[in-house]
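**Student:**
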Amino acid sequence: MLNYIHRLLWPFPMEECSGGARFLRSCGKRLTCLTAAIEGGYQVPSPSQQREIHDEYTEIANKYFEDSFRKPLTECMKRSISSGVSMTDYYCLHRYICVHKPRRVLELGCGISSFIFVNAFAENTISDPACAGNHLHSMEHLEKYFADVNKVIPDDLKSYVTFHLSMAEVFYWRDILPTSSYMQLPDESFQLLLVDGPPAEGRSNGDMFKIIEKSPEPVDVILDKRVKTTMTLDRYLPKGTVWFDYAQELGFARGVTADMLLKEPRMIMPLRHRDIFKHFDLTESRPNGDPQ
């Protein structure tokens, strides 16, 4: 009976649910929202607070990319057909690479963010030659974006990235959860996973589960505006592992390992808010030591 209820409350695509299941799932969501309110800790900034926070980080991001080494990134944004994301997202990803210096990064969905990653890799190499071997693997299912990003990336930075063109498929993780996934993932371990593809089509991403399951070391996960995928990941990890920055619209988890994946999913709960920059220690300091 418990498994049946779990499935009714599962984030399946709506078209896979009967009318009765939709009603029960709606009731379940209301119940878990009430539970979350009683528990506390689920408070999120008001819309005006979210705008204020986002504007503050946007100002910081614009100044950050005025640096001479990073300025070519803004030109890249103009040349690419990629719709891209916000400047605060780019700032977050660039700062993450510069601060944490991951050896391998997997990007699901290529674009301007690919240039952000390789620029940060090159910047790290200047300050620490040991970072020269750090590498980005970037997945894409549409040939036009695959071809575009290969043209935009400067020749002197192409050694930092390998692009993979792969069809997307519906993959049933653990033979029950329908997910959108790439058919061919690189057979490597990664320290950072950016989830921005393939198209969700109402489903969660499944590649993150594949990567986490086979990784011999902890994986940091950042999800770009993928609420359903973030909620699904939250259900399969211990409480307090997965967060959502409502101001930046980014989901994330830090230091996820295979043994943290739960055998049975937790009930759907509202996503807990946290500042992604503070969570990953990405905030810079002013000369007087005060955080920006």
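Numbering-wise (the working numbering), the sequence shown opens with residue 359 and increments by one.
The C-beta atom is built at its ideal place from N, Cα and C for all residues, glycine as well.
Since this is a predicted model, take the numbers as computed values, not measurements.
(1) May I ask you to report which of helix, strand or coil DSSP gives residue 640?
(2) For residue 392, does the count of other Cβ atoms within 10 angstroms reach 16, so buried, or fall short, so exposed?
(3) Between residue 418 and residue 452, is the Cβ-Cβ spacing less than 8 Å?
(4) Please classify residue 389 as buried or exposed, where buried requires at least 16 other C-beta atoms within 10 Å of its C-beta.
(5) Take the Cβ of residue 445 as the centre, count every other Cβ of all protein chains shown within 10 Å, and call the residue buried at 16 or more, exposed below.
(6) Using a 10 Å radius around the Cβ and a threshold of 16 neighbouring Cβ atoms, would you call residue 606 buried or exposed?
(7) Give the straight-line distance between the Cα atoms of residue 395 and residue 403, rounded to the nearest whole angstrom.
(8) Between which two residues does the alpha helix (DSSP H) carrying residue 474 extend?
(9) Based on the DSSP output, what are the partners of residue 609 in its beta bridges?
(10) Hey, quick one: how far does the beta strand (DSSP E) through residue 529 stretch, first residue to last?
(11) State the DSSP-derived secondary structure class of residue 426, mapped to helix, strand or coil.
**Tutor:** Taking the geometry as given:
(1) coil
(2) exposed
(3) no
(4) Classification of residue 389: exposed, given that the 10 Å Cβ count is below 16.
(5) buried
(6) buried
(7) Their backbone Cα atoms lie some 15 Å apart in a straight line.
(8) 470-485
(9) Residue 609 pairs with 581, 602.
(10) 526-531
(11) coil
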